[in-house]
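*Asks:* This is the structure I want to talk about, given as structure tokens.
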Amino acid sequence: MHAHCLRRARMIPPARAQVQQRAGMSGQLTFLGIESSCDDTAAAVVRHSPGQPVMIMANVVASQTELHAAFGGVVPEIAARAHVEKLDLTIEAALAQAGLGLRDLDAIAVTAGPGLIGGVLAGVMAAKGLAAATGLPLVGVNHLAGHALTPRLTDDLPFPYLMLLVSGGHCQFLRVDGADSFTRLGGTIDDAPGEAFDKTAKLLGLPQPGGPSVEAEARKGDPARFAFPRPLLDRAGCDLSFSGLKTALLRARDAVVAKKGGLSRTDRADLCAGFQAAVRDVLAEKARRALAASQGITGFAVAGGVAANQTLRAALENTAAQAGTSFLAPPLALCTDNAAMIAYAGIERFRTGARDDLTLSARPRWPLDTKAPALIGSGKRGAKA
Ligand code: KG4
Ligand code: ZN
């Protein structure tokens, strides 16, 4: 915290009683959310009254993309240091954007895992500092729950619904029955699709993040020219695998280079189109199975950066329509990592009675569904949840 921020914080009397009174009167809650589990330092202010649309009063994201660009992936130590440097400024910017001071908040919600431990720790320590200084309640939030509850933040989607988290760090199908009730129907056994897009871009000399550049190339290409595998379609259930696709792309690229001495624009576009079609087919088929296994759901929603992919969105929307289910894709800024989803998930957890204190710990691994077997593999975020 900057000294002046802490000074301001110390002058505020303990707010717990005031919060309970205020929340009891109108049910309106205003939360600060803090997110630092990967390579984005984010802070947001979210206000919600039962029965009303959620108000995102501020949503600030400081990206670290440039810091990691030279390394071809997120370097945990660099990420942690950058979070420590940026957190207080980001929090101050969010409060300023919302036009609020710490005294106007009802609680502080912070990502307490899963993710890169140095970053998670930095966020949790910042939140604890603010909570200790102000007396505000603290709510630790699972990053994946933040993503999984986003369709309620944006569209008030009633429970239960089916969720596909698909990003650079996650890939799982979740049935969401409540703010604290998740059942994992399947997930990746190795890489996340975003990692595969990023690796594909790297192998083809396209800029990072790979998703948007591969998608742009794929638009010009022929998806049928290269025969990429559709991993795990022969296995029952909803688990997925993407590491084989990476290898298949590398082999296909090397075969073209060996034959022609290099890659033409068309070769590159065809490789991208073939790769993207394989990811799309696998996700669409596994979504079909997940939908078939989900009784009584109110809709099918996606979140995560890969959900920005138009080809994928169209395929998932089509799959949902065939299953007679509505499809929901939140705006991109709320699909990718942000702190508004953390603040909102904190509000939902708070309403169910969840409270943390200064013993809250940062957890590198924190599965949403504790009954499901652990997922193996490790990606951009370190160990998978
Ligand atoms: O959710 P996100 O911002 O961060 C986490 O990984 O949690 O997702 C970033 C990932 C990157 O791997 C990026 O390449 C991928 O999402 N991505 C896309 C697209 N836009 C971003 N993948 C495919 N198509 C896109 N249009
Ligand atoms: Zn995420």
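Positions in the sequence shown are counted from 1; adding 620 to them yields the numbering used here.
We put the beta carbon where it would ideally sit given N, CA and C, even for glycine.
Just the C-alpha distance for A992 and G692, rounded to the nearest angstrom, thanks.
*Replies:* Cα-Cα distance, rounded: 32 Å.
*Asks:* Which of the three DSSP states, helix, strand or coil, is assigned to I654?
*Replies:* In this structure, I654 counts as strand in the three-state DSSP scheme.
*Asks:* For A941, count neighbouring C-beta atoms within 10 Å of its own C-beta (all shown protein chains included) and say buried if the count is 16 or more, exposed if not.
*Replies:* A941 comes out exposed.
*Asks:* Would you call R888 buried or exposed, if buried means 16 or more other Cβ atoms sit within 10 Å of its Cβ?
*Replies:* Looking at its Cβ environment, which holds 16 or more other Cβ atoms inside 10 Å, R888 is buried.
*Asks:* Name the two residues that bound the continuous alpha helix (DSSP H) containing L775.
*Replies:* Looking at the sequence shown, residue 775 is not Leu but Asp. First-last of the alpha helix (DSSP H) with D775: T770 to D775.
*Asks:* Leaving out five residues on either side along the sequence, give the residues of the same chain with a beta carbon under 7 Å from the beta carbon of A689.
*Replies:* Result list for A689: Q828, in chain order.
*Asks:* Let me know the secondary structure DSSP gives G733 once reduced to three states.
*Replies:* The answer is strand: DSSP assigns G733 an E or B state.
*Asks:* Any chance the CB of F817 is under 7 Å from a heavy atom of the ligand KG4?
*Replies:* For the ligand KG4, at least one heavy atom lies less than 7 Å from the Cβ of F817.
*Asks:* Once the 5 residues before and after G738 are set aside, which same chain residues still bring their CB inside 7 Å of it?
*Replies:* Only P696, E697, A699 and A700 meet the Cβ criterion.
*Asks:* With a threshold of 16 other CB atoms inside 10 Å of the CB of A856, please say whether the residue is buried or exposed.
*Replies:* So A856 ends up on the exposed side.
*Asks:* Pairing CB atoms from the segment 954 to 963 with CB atoms from the segment 916 to 936, are three or more of them under 8 Å?
*Replies:* Yes, the segment 954 to 963 is in contact with the segment 916 to 936.
*Asks:* Sorted by chain position, which residues of the same chain lie with C-beta nearer than 7 Å to T990's C-beta, five sequence neighbours on each side aside?
*Replies:* None.
*Asks:* Kindly indicate which residue of R975, F947 and S981 has the alpha-carbon position closest to the one of D726.
*Replies:* The shortest Cα separation from D726 among R975, F947 and S981 belongs to R975.
*Asks:* For F846, collect the residues of the same chain with a Cβ closer than 7 Å to its Cβ; drop the 5 residues on either side in sequence, then sort them by chain order.
*Replies:* Around F846: A872, D890, L891 and G894.
*Asks:* Do L870 and V877 come within 8 Å of each other at the CB atom, strictly closer than that value?
*Replies:* No. Outside cutoff.
*Asks:* Between the C-alpha atoms of L860 and A812, what's the straight-line distance to the nearest angstrom?
*Replies:* C-alpha separation (whole angstroms): 9 Å.
*Asks:* Using a Cβ-Cβ cutoff of less than 7 Å, which residues in the same chain neighbour D901 once the five nearest sequence positions on both sides are dropped?
*Replies:* Excluding positions up to five away in sequence, the list reads R850.
*Asks:* Looking at the structure shown, is C791 part of a helix, part of a strand, or coil, going by DSSP?
*Replies:* The answer is strand: DSSP assigns C791 an E or B state.
*Asks:* Under 7 Å Cβ to Cβ from E767, same chain only, skipping five residues before and after it: list those, please.
*Replies:* Reading the sequence as shown, one finds His at residue 767 and not Glu. Excluding sequence neighbours, H767 sits near L785, A923, G924 and M961.
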